[in-house]
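Residue numbers (our numbering): 316 to 539. Just so you know, even glycine gets a beta-carbon here, dropped at the ideal spot from N, CA and C. A short worksheet on the structure shown next.
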Amino acid sequence: MPGTQLEKSAIFVPLIASDQARGVIELGDRNHEDAYTASDVRLLQTLANSMSVALENARLFAETQRRTREPAALVEVGRDVSSTLDLSTVMDRIARHAKELTGSDTSAIFLPDATGKAYRAIVAIGDIAEQLQTESIAMGEGIIGNLVVSGQAELINDTGNDPRALQIPGTPQQAEERLMVAPLMAGKIVKGVMAVWRTGGERFGESDLAFLVGLCLDAKVANE
316 MPGTQLEKSA
326 IFVPLIASDQ
336 ARGVIELGDR
346 NHEDAYTASD
356 VRLLQTLANS
366 MSVALENARL
376 FAETQRRTRE
386 PAALVEVGRD
396 VSSTLDLSTV
406 MDRIARHAKE
416 LTGSDTSAIF
426 LPDATGKAYR
436 AIVAIGDIAE
446 QLQTESIAMG
456 EGIIGNLVVS
466 GQAELINDTG
476 NDPRALQIPG
486 TPQQAEERLM
496 VAPLMAGKIV
506 KGVMAVWRTG
516 GERFGESDLA
526 FLVGLCLDAK
536 VANE
């Protein structure tokens with residue numbers, strides 16, 4: 316690494332969980348060549364196996380905790396919808412639940428403007444909230460604009476490799492930017508759209524998308 320002395324000996328052992336490398340342990344000696352033996356490698360592998368099990372258990376526990384909170388969040392949102400007719404208040408609460416429980420950096424809900432041909436954020440929360448609130452999404456343009464037309468919910472775990480992607484003005488280009496989009500449907504008509512963004516970290520899964528679709532049902536009721 317720049318600015319450091321190169322090791323003369325090193326051991327690298329991956330942390331494997333569910334047939335995937337979750338990390339790596341590096342042990343280095345800058346002063347001696349042939350500093351490690353096969354028994355050192357075996358010892359480090361034993362430690363790595365124990366660490367991998369602990370990390371996987373921690374990940375599964377966190378996932379279980381989040382899945383337990385999701386039904387409670389949907390019930391709470393349902394109460395919010397019933398308790399007020401103020402659309403911005405309800406949408407703000409829904410967007411906050413979406414951001415928190417999907418582990419996202421930003422969440423937003425878009426509704427059609429007066430022309431019905433473009434969508435604007437009624438609420439945006441998170442890292443790029445300010446840029447989203449000044450942006451207009453044209454139907455058929457960008458990932459969100461395309462999904463407004465199709466009325467389909469979708470997850471994209473690397474927007475940089477999606478040919479539909481357009482850079483949001485004023486935001487930095489991110490590697491491994493992840494996006495989930497779900498429409499607010501009234502029958503076959505798209506009444507709005509919800510989106511959440513995450514940079515790096517765990518990839519979005521189908522269960523994450525299903526939860527977002529559930530929140531969109533509440534958002535659709537609130538909007539109606």
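Check: 4 or more residues per run - each alpha helix (DSSP H) lying fully within the segment 441-466; Outcome: 444-448 and 457-465
Check: For residue 439, the nearest candidate out of 419, 476 and 467 (CA to CA); Outcome: 419
Check: Local conformation of residue 489 per DSSP, three classes; Outcome: coil
Check: Sequence-distant residues of its chain with Cβ nearer than 6 Å to residue 328 (five each side left out); Outcome: 340, 359, 360 and 363
Check: Within 7 Å, strictly: CB atoms of residue 481 and residue 519; Outcome: no
Check: C-beta atoms of residue 421 and residue 523 nearer than 7 Å; Outcome: no
Check: Sequence-distant residues of its chain with Cβ nearer than 8 Å to residue 333 (five each side left out); Outcome: 371
Check: Nearest-angstrom Cα separation, counted from residue 318 out to residue 343; Outcome: 16 Å
Check: Chain-order list of residues whose beta-carbon lies under 7 Å from that of residue 355 (same chain, five-residue window excluded); Outcome: 326
Check: Straight-line Cα distance separating residue 452 from residue 510; Outcome: 12 Å
Check: Limits of the unbroken alpha helix (DSSP H) element including residue 409; Outcome: 402-416
Check: Per-residue DSSP class, three states only, for residue 370; Outcome: helix
Check: Same chain, Cβ closer than 7 Å to residue 494, five either side skipped, listed in chain order; Outcome: 458, 471, 474, 510 and 512
Check: Between the CA atoms of residue 461 and residue 487 - distance to the nearest angstrom; Outcome: 22 Å
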